[in-house]
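Before any comments, here is the structure.
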Amino acid sequence: MKKAHLHLIKWALDKGYTLDVWGDGEELDYSGTSYKEAKENTEACDTANIILKRGGKQVAWFYIVNGLDAEELVSNYSANEVGEAWQKAYDTECYGELCKNQ
Numbered sequence: 009m010k011k012a013h014l015h016l017i018k019w020a021l022d023k024g025y026t027l028d029v030w031g032d033g034e035e036l037d038y039s040g041t042s043y044k045e046a047k048e049n050t051e052a053c054d055t056a057n058i059i060l061k062r063g064g065k066q067v068a069w070f071y072i073v074n075g076l077d078a079e080e081l082v083s084n085y086s087a088n089e090v091g092e093a094w095q096k097a098y099d100t101e102c103y104g105e106l107c108k109n110q
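Right, dumping it as structure tokens:
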């Protein structure tokens, strides 16, 4: 099973979003468009908030809890168009036909 937070980071970057990663929700640890940097900063804490931005404005929020099962790492997210689009993409890739080939 693909780790949900890694799928989220790749998906968001592919869609052209800038990511802000807040470790343990307390301070901004990373802001930018590097997969490697976003991954490292997300995994450096027990929890992280990933904020997706477009044009400098927040469009979605995702809450990551490290240590959970792969599909549960993203434990909460914005119930809006962006959040739902990511969830659909993750479900399609990880539970649909694409998942059977991994």
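Residue numbers for the sequence shown follow this note's numbering, beginning at 9 and rising by one. The beta carbon of each residue, even a glycine, is placed where N, CA and C say it ideally should be. Nothing here was measured: the structure is a model prediction, and the numbers come from that model.
For Glu45, the uninterrupted alpha helix (DSSP H) run begins and ends at 43 to 51, by DSSP.
When only Cα atoms are considered, Cys53 and Gly104 end up about 31 Å apart. Taking the Cα of Asp32 as reference, the smallest distance to any Cα among Ala56, Lys44, Asn74 is reached at Ala56. Ala87 and Trp69 have their C-alpha atoms spaced approximately 9 Å apart. Residue pairing by DSSP places Gln66 opposite Lys61 in a beta bridge.
About 5 Å separates the beta carbon of Val67 from that of Val90, a gap short enough to meet the 8 Å contact definition.
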